[in-house]
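Visitor: Dropping the structure in here first, questions after.
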C-alpha cells in the first residue's frame, strides 16, 4: 500500500504552492498525496493595500485567529502517514491564516498523533515563527519530524526592497535595478531533492532521523547574526502590537494613527537604523559566538525549548 501524505498550506502569492509541488513531484507515483489549501473567510489580497498590511501586524504578533473557510470534509476521511505543513512568516510569526488554522479544532482533528514536516518560504527571518509552530504542534498532539526553510538569498536590503515591490505593487519579476522577489527560482526547483529522502524515511519508519538527512542536503541555512536580529525585532513588534491594540480591533478607526506611526517608524528602522543594528549585531556576535553557535544548532533541529527566542 502506498504511504499517504497530506500537504496543508497557505499561500498568498502561489510561491509556497510551487515549492510544495517541487518537493512532492518526485514521489507522486509512490505516495498518495492530498493537497489542502487553507483560506480565510475574508481573503488577504496581493498586492496588499499599504494600510491593511501594517494593520495586520498586531493580530499576527498577538496570534489572534481570524475566521477560516472550513476544509472539505473529504480531507478528514483519510488516514495520513505524514503531514507536510507549508507556511510563511508575517512579522516574525506564522502568517495569520496559518495561526488561525493551528488554533482551530480542525487542526487537532487532522494533526493529532501525526508526524509533521514543516516547509517554510520566507524572506530571511523564520526562527520565531517556527518556535510558535512547534508549540502549536505540541498542543495538537503532533510530532515535528523535519523542517525545510527556503529564504531569499539576496542581501538583506535588496530582499527588503524586492519584497516591498512584490507586496505593494504585485511585481515579483526583476526590474531595472532589482532582482526577482522571493525565494530564487533555482532554489524552488531544487526543493525536489528532498522528496525521495522524505519518502524513504517514511517507508522505513525512521522519521525520527529525517531532519539529519535534510540538514545534510542543505534544508536549513542559518547565519548566527539573524538570531540576534530576530530577538530584537520580535521584542519591538510585541510592544507595538500592544500599543496599537489598546485602541481596539483592526476595524476600529481609533487605531489608525498608531498603525501609521508604526509604519513610518518601521520604514525608518529598515532603511536608516538597519545598518547600525547590523553593526552592533556584528560586535555582539564576536562577544557571544559560542552561545550563538549553540542557538544555530538548536534552530536547525526539531526539538522545542520554551523561550529560546
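In our numbering, the protein residues as written are 72 to 380.
Here a beta-carbon is modelled for each residue, glycine too, at the ideal position from N, C-alpha and C.
1. What's the C-alpha gap between residue 145 and residue 116?
2. Are the beta-carbon atoms belonging to residue 87 and residue 192 less than 8 angstroms from one another?
3. Cα separation between residue 279 and residue 126?
4. For residue 251 and residue 214, I'd like the C-alpha separation in whole angstroms.
5. With a CB to CB cut of under 6 angstroms and the five nearest residues on each side skipped, what residues in its chain are close to residue 128?
6. For residue 344, does the three-state DSSP call read helix, strand or coil?
7. Please state the DSSP three-state secondary structure of residue 164.
8. Do you know how far the Cα of residue 334 is from the Cα of residue 122?
9. If we count the other Cβ atoms within 10 Å of its Cβ and call it buried at 16 or more, is residue 173 buried or exposed?
10. Within a Cβ cutoff of 8 angstroms, which residues of the same chain sit near residue 376, ignoring the five residues on either side of it in sequence?
11. Compute the beta-carbon to beta-carbon distance between residue 102 and residue 135, rounded to the nearest angstrom, for a pair I have assumed lies under 8 angstroms.
12. What residues in its chain sit with their C-beta under 6 angstroms from that of residue 131, if we drop five residues either side in the sequence?
13. Express the C-alpha separation of residue 154 and residue 266 in angstroms, rounding to a whole number.
14. Helix, strand or coil for residue 75? Go by DSSP, reduced to three states.
Guide: Let's see:
1. 27 angstroms
2. Contact: yes.
3. Those two C-alpha atoms are separated by around 40 angstroms.
4. Across the structure, residue 251 and residue 214 are spaced so that their CA atoms are roughly 35 angstroms apart.
5. 162
6. Caution is warranted here: a pLDDT of 48 is assigned to residue 344, below 50, making its placement in the model unreliable, and no coordinate value can be reported.
7. strand
8. So the alpha carbons of these two residues sit roughly 8 angstroms apart.
9. buried
10. 369
11. About 36 angstroms separates the two Cβ atoms, so there is no contact after all.
12. Sequence-distant Cβ neighbours of residue 131 in its own chain, meaning closer than 6 angstroms and more than five residues away, are 161, 162, 164 and 167.
13. 13 angstroms
14. strand
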